[in-house]
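As given, the protein sequences belong to chains Z and P, one line each in that order. Taking numbering that gives the first Met the number 0, the leading residue of the first sequence gets 0, the next gets one more, and so forth. Taking numbering that gives the first Met the number 0, the leading residue of the second sequence gets 0, the next gets one more, and so forth. Scroll down for the structure; my scribbles are underneath it.
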Amino acid sequence: MSKICSLKEAIQQYVKDDVSIYAAGFTHLIPFAAGHEIIRQGRKNLTLARATPDLIYDQMVAAGCAKKVIFSYMGNPGVGSLRIVRAAVESGQVAMEEYSHFGMISRLQAGATGLPFIPMNQTAATDLEKNNPNIKRVTDPYSGKEVIVVPALNPDVAIIHVQRCDKNGNAHIWGIIGEQKEAAFAAKHVILSAEEIVDESVIRSDPNRTLIPEFIVDAVCLVPYASHPSYTQGYYDRDNKFYLEWDKISESSDTVNAWLQEWVYGLKDRDEYWKKLGDETHKRLQVKPRLASPVNYGEY
Amino acid sequence: MTNYSSSELMCVNAARLLKDGDRVFVGVGLPNLTCNLAMRTHAPNLQMIYEAGVIGARPSRLPLSIGDPTLVSGAASVCSMYDIFAFYLQRGNVDVGFLGGAQIDKFGNINATVIGDYAHPKVRLPGSGGSQEIAAWANRCYIMTPHQKRRFPEKVDFATSVGYLDGRAKREATGVRGGGPLVVVTDLGLLEPNANGELILTSLHPSTTVEQVKENTGWALQCAEKIATTEPVTEKELHILRNLDPTGIYLKGG
């Protein structure tokens with residue numbers, strides 16, 4: 000069954016006020032187009048979960064979409080502070096819940112596999128545990144020693160950007176595969192944005208690359224360049240220049256609001272955004288091909 | 000006399016701690032440069048592992064972020080974040096972890112979370128990321144940081160990841176698998192844990208003094224019986240480093 004719709008329709012239908020979302024992707028494939036669409040639709044009181052809130056949640060917090068962030072590293076990767084999320088949690092305007100990366104990802108793993116919680120080994124660091132009641136200890140019934148446990152995370156909606164998928168939502172992802180599969184299986188609803196929507200035969204030509212199967216997907220949206228200023232492996236590069244620029248833009252609410260006006264509210268969709276970026280940026284982010292050797296699945 | 004920055008001095012000294020064949024959990028910035036330097040000198044078989052899920056990376060350019068696409072192209076393997084932390088780090092397949100932080104205390108505990116109180120912080124920092132697990136589960140850990148008094152308090156405000164808690168026996172009692180921090184590389188010298196896990200001064204870089212190190216440390220720093228002097232930075236090491244970071248994004252510091 001085809002699930003193709005516009006990103007606008009998908010967000011309207013699944014991302015309501017007060018829901019929790021996981022916009023997946025560790026540095027790679029961050030679904031910025033969906034984040035911007037949520038901002039345009041004026042969503043409020045969202046719980047935003049991501050290992051690294053990154054610029055996508057900085058922008059959504061700036062636009063007033065969030066009541067809470069759940070995270071494990073709150074920085075602008077390689078640049079410094081994530082100023083807006085940081086200021087919002089420092090002032091208490093936005094609530095927060097904090098883990099280590101492994102704690103955060105373990106929560107998704109539990110959610111994705113239908114477990115109520117998941118154990119992990121101790122790290123001897125207890126300060127986070129003291130400050131987050133979700134991080135608990137239980138006795139391993141086999142050894143009698145203590146292990147750390149964290150509860151399943153089951154977001155209402157996972158938003159995943161992929162290189163390619165078919166109209167039903169069978170999706171190929173390659174490059175850094177962070178937590179996309181875990182977020183998709185953990186969530187109640189899954190929205191895919193894709194660089195390309197391809198024929199089912201393309202997906203079936205390489206089934207090992209299908210990380211997300213159609214039956215957990217609710218919406219399939221064709222959105223080329225959806226992850227800029229993040230990147231899509233093999234399609235376009237990370238816009239490191241913008242990540243550095245955001246450090247300046249996010250210094251004051253005036254410049255942030257002007258940026259949101261120009262690049263989010265003032266535009267209809269990702270097509271307009273990409274055009275507005277201009278030839279010079281397009282050229283700067285181009286990548287030369289580097290193909291994998293083909294694999295032989297065999298004819299049986 | 001060769002001229003170099005503090006960052007170059009730290010990279011060179013940290014690289015010398017790595018062994019050929021080490022599987023190293025790498026961060027961006029100085030640790031990445033350090034590993035690349037070691038690979039181009041005495042450790043050609045070093046394997047770089049990134050928390051983004053990349054194993055055996057061969058980056059062809061300097062990555063700004065830990066999830067840069069250059070880490071993927073040409074790597075030996077790419078896996079999910081759950082897999083990198085569980086199969087590699089938790090299982091014990093990582094030899095070396097590099098750590099840094101806003102504060103490092105007398106027992107090598109690291110704060111990357113808050114200055115001040117957790118609920119009402121003076122400064123909110125990015126938080127753990129992968130460092131809580133790296134510090135606990137890598138076989139050996141090395142810490143790289145500029146030597147400043149505010150970075151070396153007697154006790155961290157918040158222990159994001161731990162060294163020896165408040166004594167080596169305390170860490171051992173928790174049963175965590177890794178050996179803890181072995182060396183803190185600063186721009187003044189090297190600190191290493193004594194039998195109790197307390198960091199003491201064991202080496203000075205050329206032309207630094209014990210007094211300088213003590214002045215820049217927030218606790219009454221003890222010294223090893225015999226303090227060594229680190230080997231001078233060579234032209235070859237500097238040449239390799241500067242080729243890796245030609246515009247000095249990371250190396251210009253200090």
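The beta carbon of each residue, even a glycine, is placed where N, CA and C say it ideally should be. All values reported here derive from a predicted model rather than from experimental measurement.
> Using CA coordinates, which residue listed in Z:M103, Z:P118, Z:S99 and Z:L114 is at the minimum distance from P:N110?
Replying inline: Answer by Cα proximity: Z:S99.
> Comparing the C-beta of P:G252 with each C-beta of chain Z, is any distance below 8 Å?
Replying inline: no
>> Run through the DSSP bridge pairs and tell me what P:A74 is partnered with.
In response: BP columns for P:A74 are empty, so no partner.
>> If we define contact as Cβ-Cβ less than 8 Å, is P:G91 a contact residue for chain Z?
In response: no
>> Quick check on the DSSP output: the beta strand (DSSP E) that includes Z:K282 runs from which residue to which?
In response: Element bounds for Z:K282: not the beta strand (DSSP E) but the alpha helix (DSSP H), R269 to L284.
> Assuming Z:E199 and Z:R163 make a contact with CB atoms under 8 Å, what is their CB distance in whole Å?
Replying inline: About 11 Å separates the two Cβ atoms, so there is no contact after all.
> Which full runs of the beta strand (DSSP E) of 3+ residues lie inside the region 0-67 of chain P, going along the chain?
Replying inline: Listed in chain order, the beta strand (DSSP E) elements of length 3 or more contained wholly in the region 0-67 of chain P are 22-25 and 46-49.
>> Taking 6 Å as the limit between beta carbons, can you name the residues of its chain near P:G166, skipping five residues before and five after?
In response: N195 and G196, listed in sequence order.
>> Measuring straight from C-alpha to C-alpha, what distance separates P:P152 and Z:V148?
In response: 31 Å
> By Cβ distance below 7 Å, which residues in the same chain neighbour Z:Q108 in space, the five residues on each side in sequence not counted?
Replying inline: I117 and E181
>> If the criterion is Cβ atoms closer than 8 Å, does the pair P:K154 and P:Y163 meet it?
In response: no
> Where DSSP assigns a beta bridge to P:P192, which residues make up the other side?
Replying inline: P:L198
>> My output table needs one value for Z:R311: the three-state DSSP class, helix, strand or coil.
In response: Absent from the model: residue 311 of chain Z. The displayed extent of chain Z is 0 to 299, so no value can be given.
>> Does Z:P206 come out as helix, strand or coil in the three-state DSSP assignment?
In response: helix
>> Do P:A172 and P:N108 count as a contact pair if the criterion is CB distance below 8 Å?
In response: no
> Hey, does Z:P76 have any beta-carbon neighbour from chain P nearer than 8 Å?
Replying inline: yes
> Mind checking whether P:L250 and P:L88 have CB atoms under 8 Å apart?
Replying inline: no
> Where Z:A33 and Z:H160 are concerned, what is the direct C-alpha to C-alpha distance, given to the nearest angstrom?
Replying inline: 9 Å
>> Going by beta-carbon coordinates alone, are Z:P185 and Z:N153 separated by less than 8 Å?
In response: Before going further, note that residue 185 of chain Z is Ala rather than Pro in the sequence given. Yes, the Cβ-Cβ distance between Z:A185 and Z:N153 is below 8 Å.
> At a Cβ cut of 7 Å, what residues of the region 56-70 of chain P count as close to chain Z, listed as they run along the chain?
Replying inline: L63, S64, I65, G66, D67 and P68: these are the residues of the region 56-70 of chain P whose beta carbon lies less than 7 Å from some beta carbon of chain Z, given in chain order.
> Z:G143 to Z:Q121, Cα distance in whole Å?
Replying inline: So the alpha carbons of these two residues sit roughly 14 Å apart.
>> Strictly under 8 Å for the Cβ-Cβ distance: is Z:L127 near chain P by that measure?
In response: yes
> DSSP on Z:H27, reduced to helix/strand/coil?
Replying inline: strand
> Under 8 Å between the Cβ atoms of Z:I303 and P:M80?
Replying inline: Here chain Z has residues from 0 to 299 only, and residue 303 of chain Z is not among them.
>> In whole angstroms, give me the CA-to-CA distance for P:N183 and P:A137.
In response: It should be noted that the sequence gives Val, not Asn, for residue 183 of chain P. Cα to Cα, P:V183 sits roughly 15 Å from P:A137.
> Whose Cβ in chain P lies nearer than 7 Å to the Cβ of Z:E89?
Replying inline: P120 and R123
> Do P:T69 and P:S59 have their CB atoms nearer than 8 Å?
Replying inline: A contact, by the Cβ cut-off of 8 Å.
> Can you name the start and end residues of the alpha helix (DSSP H) that Z:K7 belongs to?
Replying inline: For Z:K7, the uninterrupted alpha helix (DSSP H) segment begins and ends at L6 to Y13.
>> Just checking: is the beta-carbon of Z:Q108 within a distance shorter than 8 Å of some beta-carbon in chain P?
In response: yes
> Does the Cβ of Z:K275 have 16 or more other Cβ atoms within 10 Å, making it buried, or fewer, making it exposed?
Replying inline: Residue environment: Z:K275 is assigned as exposed (fewer than 16 neighbouring CB atoms within 10 Å of its CB, all protein chains considered).
> Do the region 209-217 of chain P and the region 232-239 of chain P meet, that is, are 3 or more Cβ pairs less than 8 Å apart?
Replying inline: no
> Can you check whether the CB of Z:S19 is closer than 8 Å to the CB of Z:T46?
Replying inline: yes
> Residue range of the beta strand (DSSP E) that Z:E244 falls in?
Replying inline: No beta strand (DSSP E) contains Z:E244, which is instead part of the alpha helix (DSSP H) from N239 to I248.
> Over what stretch of residues does the beta strand (DSSP E) that includes Z:E96 continue unbroken?
Replying inline: A94 to E97
>> Report the CB separation of Z:I211 from Z:A257 in whole angstroms; it is logged as a contact under 8 Å.
In response: So it is not a contact: roughly 37 Å between Cβ atoms.
> What residues in the region 168-181 of chain P have a beta carbon less than 7 Å from any beta carbon of chain Z?
Replying inline: For the region 168-181 of chain P, which is checked against every Cβ of chain Z, the residues closer than 7 Å are R170, T173, G174 and V175.
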